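**Q** Going down the list, the protein sequences come from chains A and B. Under my numbering, the letters of the first sequence match residues -14 to 422, in that order. Under my numbering, the letters of the second sequence match residues 174 to 624, in that order. Here a beta-carbon is modelled for each residue, glycine too, at the ideal position from N, C-alpha and C. Predicted, not measured: the structure shown is a model, and the values here were computed from it. Could you have a look at this structure, given as structure tokens, before my questions?
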Amino acid sequence: MADIRNNFVGIKSPNPFWLASAPPTDKAYNVVRAFKAGWGGVVWKTLGEEGPPVVNVNGPRYGAIWGADRRLLGLNNIELITDRQLQLNLQEIKQVKKDWPDRALVVSLMVPCVEESWKAILPVVEETEADGIELNFGCPHGMSERGMGAAVGQVPEYIEMVVRWCKANTRMPVITKLTPNITDVRRPARAAFAGGTDAVSLINTINSITSVNLDTFSPEPSIDGKGSHGGYCGPAVKPIALNMVAEIARDPETAGLPISGIGGVTTWRDAAEFLALGAGNVQVCTAAMTYGFKIVQEMIAGLENWMDEKGHQTLDDVCGRATKNVTDWQYLNLNYIAKAHIDQEACIKCGRCYIACEDTSHQAITSSVNGVRHFEVMEDECVGCNLCVNVCPVENCITMVPLAAGVLDQRTGKTVSPEYANWTTHPNNPMSKQAAE
Amino acid sequence: MAIGLFKDGIEPGRLAPAEYADNFSDLHPPLDKHEALVEADRCYFCYDAPCMQACPTSIDIPMFIRQIATGNPLGSAKTIFDQNILGGMCARVCPTETLCEEACVREKAEGKPVQIGRLQRYATDEAMEQGKQFYTRAEKSGRKVAIVGAGPAGLAAAHRLTSYGHDVTIFEAKPKSGGLNEYGIAAYKSTHDFAQAEVDYVTAIGGIEIEHGKALGRDIHLGELSEQYDAVFLGMGLAGVNALRAEGEDALGVTDAVDFIAELRQSTNLSRLPVGRRIVVIGGGMTAIDAAVQSKLLGAQDVTICYRRGQEDMNASEFEQDLATANGVVIRHWIQPKRVLIENGKVSGIELEYTVMRGGKLTGTGETLVLPADQVFKAIGQQFDANALNGSRPKIALEKGRIKVDSEGRTSVKNVWAGGDCVADAREDLTVAAVAAGRDAAESINRFLKA
């Protein structure tokens, strides 16, 4: 049986599934329910400094986009950090940690960008005996307008500075949460690393407007006819998050920096993908907000089952296994040739592969053969682009089949070379690094 | 007070009053908005969609479903009406299980097709309830077209012709328009007087005059019509009913199923409609099913459909057969009527003979059985009554006992077209096929008139 116990920068939890800092972790009531459901840890919703709490809007806080059957694909929010009193949060954190010693309890923090503010809050958090802190440098709305959240996360120098203050003023592990609303996520990660952070977590939410009300012309979510950008999350952002995790994981400058993966984790499979790309654990929010806390049970069982099937005994056997396979385009093997193949038994003859290829790609699929509706790949036209695979409604009906070395590629009339050859040495590349003759 | 199931003879009022309303409520209740959106999301928007190819009127089904899914039900209705102005009735009566829904790729994928018929009803109901008209008449052409029969073929032809600016006069033998939509469909498939609402919706475009009580060969004559009008479209359907060719078929209690169905549809109080205690329906098509199921719903105790061939030969779709058996109708195959038994001048039973296929020919085995019955319905098909054409100077060519037409619906007479059940190639005698024939003939007529 796979052992999925997690040790992330010394913080232990029975599984790698944490709830991200967000509405589900705003108070003891929710967190206790989450722990009862089986979550391995939580990052408590972001605390601000002592004093009157922030206020939230009193209208809609969330906007969304949906797929077929109104499956929620992407959610955005304009909620701020906790709007409850600091002391109340601290009391509850202390009690919950006491009652649930085996679960990870990390506290998210966001205070003004001055050292005194951090010096003030760190000891009171430490006093709760929470396992660590997460620096919220990601929140893209509201708080950023006040010089916090993403306003810090978008300036690497500030990140490094604040991380340094935190490391100097607490014994707790420091996790720096990064915003995706930047050009190159390695820069803030390097800054956090330089400041001495124990780990980074990413991604925070993405600046977004989910929709426009076509009756009132207000962006959604609409507050009295106006809207502001919110933070986007959910399944739709997973690919962006995976890439950013991979970018940091394979950056030699931050080699070995632990990563907590966040962004659209909805199933065990999503979680396994984050782990494979280098995350030490994952944080989840939207899936819980969509389906409730019970989903963690599917994640735990699914991850264990997959690990058993593949013979992975611990999370360490999985973490980072895909990282080395992430490379730059220029290093991809141009001698690798694959062709789409349609399984005629599985084909339901919807014709979407055909029209996608015919209208928008390479005219490489038939629509009829001898007057009969029949969809088949013409190998002499197929460039192997994979679009047909992606538009086909039946899983595994269309697959990409690699051509073996020595086989004739009917499209180019050349035999497939067994050699690896990439763009850097390609004759068409003006910058080609071929050795002079 | 209901007399119950056990009273012999053909009697009204077998059920408690409330049961009639229940029994004859909508067979496929309309989808509400949520249901429609969930169902619409199941459509894959196939290329050159098989459902569309299976539709006799070639409605762009993926497009109309996508329009429902994107919150544009009126646009969806227009997509439907562009091809089939009687899309509302077709949504109710089409045997979708053998047309679009049989072809749906999700039928192949998971045995559960998109419910195209019910989605079509959702969109067309929305437009009709809002009274939304999508078409206007072109500038008047000054040409006149006579149409015989205000059924699906005639109405479809009339709508298309008037939209081109031609003036249309429809001559209808019956007191109401709609043809089989009004007189020939089971009541639970067309509730709330939908057939008349649809006639009103179709004719609201203007330029269509309907004269009721005018039968061809009796009140009007083809020769005159073809002279007085620039073009004529014949869509009068089938007037005759095939004979049982069984001894005693004229006895009291032997009824044409089509008449029973029509009477039921016209009834304003079903509790006054008499129905037998033990009923035998002879036939294997939709009419047989409609008569049998409705008899059962009126309170008949035993209803048996007797069909002379096997289950796979039945014209009624599998869905219709299941509907019948689910309602307690017994379907017996390989059995043909031989003699109607009569007591006191009334039907008391029917003697039937078992059948087999021998050398590719259906033959009786000689062995018989008797089913007790106080009512026997003949539902063995209708025939074209060519007498209506008699006396017309231009002689119209027939084929297989019906009017011969070419692919555009042209008869052998220069300015006369025909379509629907009265033509030889009636495409399975379906409402939707009649609509397609009427529409296509109208296009042909328009080309002729504008040439």
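#1: Am I right that Cys595 (chain B) and Phe557 (chain B) are in contact with their C-beta atoms under 8 Å? What's the rounded C-beta distance?
#2: Applying a beta-carbon distance threshold of less than 7 Å, which residues of chain B neighbour Ala53 (chain A)?
#3: Terminal residues of the continuous alpha helix (DSSP H) containing Phe367 (chain B)?
#4: Going by Cα to Cα distance, which pick from A:Cys218, A:Asp209, A:Val357 is closest to Pro45 (chain A)?
#5: Assign Arg291 (chain B) to one of two classes, buried (16 or more other C-beta atoms within 10 Å of its C-beta) or exposed (fewer than that).
#6: Under 7 Å Cβ-Cβ, which residues of chain B neighbour Val379 (chain A)?
#7: Straight-line CA distance for Asp432 (chain B) to Ser440 (chain B)?
#8: Where Trp314 (chain A) and Trp408 (chain A) are concerned, what is the direct C-alpha to C-alpha distance, given to the nearest angstrom?
#9: Taking DSSP as the reference, what is the three-state secondary structure of Asp116 (chain A)?
#10: In chain B, what lies closer than 8 Å to Ser352 (chain A) by C-beta?
#11: Gly333 (chain A) versus chain B: which residues are under 7 Å apart at the beta carbon?
#12: Quick one, which of B:Thr243, B:Thr376, B:Val372, B:Arg316 has its alpha-carbon nearest Thr309 (chain B)'s?
#13: Quick one: what does DSSP say Leu199 (chain A) is sitting in, helix, strand or coil?
#14: Is Glu208 (chain B) helix, strand or coil by DSSP?
#15: Report the CB separation of Tyr402 (chain B) from Lys313 (chain B) in whole angstroms; it is logged as a contact under 8 Å.
#16: Where do the N-terminal and C-terminal ends of the alpha helix (DSSP H) with Asp344 (chain A) fall, by residue?
#17: Given a cut-off of 7 Å, decide if Leu446 (chain B) and Ala561 (chain B) are closer than it, judged by their beta-carbon atoms.
#18: With contact counted as at least three CB pairs below 8 Å, one residue from each stretch, are the stretch 339 to 348 of chain B and the stretch 413 to 428 of chain B in contact?
#19: Measuring CB atoms only, is the stretch 510 to 521 of chain B touching the stretch 492 to 502 of chain B, in the sense that at least three cross pairs come out at less than 8 Å?
#20: Please go through the same chain and pick out, in chain order, the residues whose beta-carbon is closer than 8 Å to the beta-carbon of Tyr217 (chain A), but skip the five residues on each side of it.
#21: Which residues in chain B sit within 7 Å of Gly336 (chain A), going by Cβ to Cβ distance?
#22: If you reduce the DSSP assignment to three classes, tell me which class Pro378 (chain A) lands in.
#23: By the three-class DSSP mapping on this structure, what secondary structure does Lys79 (chain A) have?
#24: Under DSSP, the beta strand (DSSP E) around Leu32 (chain A) begins and ends at which residues?
#25: Roughly how many angstroms separate the alpha carbons of Arg438 (chain B) and Gly413 (chain B), rounded to a whole number?
#26: Buried or exposed: Pro325 (chain B), going by 16 or more other Cβ atoms within 10 Å of its Cβ?
#27: Can you name the residues of chain A whose CB is closer than 7 Å to the CB of Val211 (chain B)?
#28: Looking at the unbroken beta strand (DSSP E) that takes in Glu345 (chain B), where does it start and where does it end?
#29: Rounded to the nearest angstrom, what separates Val476 (chain B) and Gly522 (chain B) at their Cα positions?
#30: Distance check for Thr397 (chain A) and Cys429 (chain A), CA to CA, integer angstroms please.
#31: For a contact meaning CB atoms closer than 7 Å, what does Ile340 (chain A) contact in chain B?
#32: Mind the definition here: the stretch 70 to 81 of chain A touches the stretch 119 to 138 of chain A only if three or more C-beta pairs lie below 8 Å; say whether that holds.
#33: Figure out for me which residue from A:Pro108, A:Pro1, A:Glu283, A:Glu34 has the closest Cα to the Cα of Ile66 (chain A).
#34: According to DSSP, what are the bridge partners of Gln268 (chain A)?
#35: Determine the contact status of Ala307 (chain A) and Ala261 (chain A), defining contact as a CB-CB distance below 7 Å.
#36: Between Val42 (chain A) and Gly219 (chain A), what straight-line distance do the alpha-carbon atoms span, to the nearest angstrom?
**A** Straight from the coordinates:
#1: 5 Å
#2: Chain B residues near Ala53 (chain A): Asp214.
#3: Taken as a continuous stretch (DSSP letters only), the alpha helix (DSSP H) holding Phe367 (chain B) covers 367 to 376.
#4: A:Asp209
#5: buried
#6: Ala282
#7: Using only the alpha carbons, I get a separation of about 12 Å.
#8: 8 Å
#9: coil
#10: Tyr220, Asp221
#11: Residue identity check: residue 333 (chain A) is Ile in the sequence provided, not Gly. Ordered by position in chain B, the residues that pass the 7 Å Cβ test against Ile333 (chain A) are Val278, Lys281, Ala282.
#12: B:Thr376
#13: coil
#14: helix
#15: In fact, because the Cβ distance is near 15 Å, the residues do not count as touching under 8 Å.
#16: 337 to 345
#17: no
#18: no
#19: no
#20: Gly59, Leu60, Asn61, Thr190, Ile191, Asn192, Ser193, Thr195
#21: Cys219, Tyr220, Asp221
#22: coil
#23: helix
#24: 26 to 32 is the span of the beta strand (DSSP E), which, as asked, contains Leu32 (chain A).
#25: Rounded to whole angstroms, Arg438 (chain B) to Gly413 (chain B) spans 19 Å at the Cα level.
#26: buried
#27: Asp54
#28: 340 to 345
#29: Cα to Cα, the separation comes out at about 12 Å.
#30: An answer regarding residue 429 (chain A) cannot be provided, because it is not within the stretch -14 to 422 covered by chain A.
#31: Tyr220
#32: no
#33: A:Glu34
#34: Note: Gln268 (chain A) sits in a beta bridge opposite A:Trp3, A:Ile247.
#35: yes
#36: 22 Å
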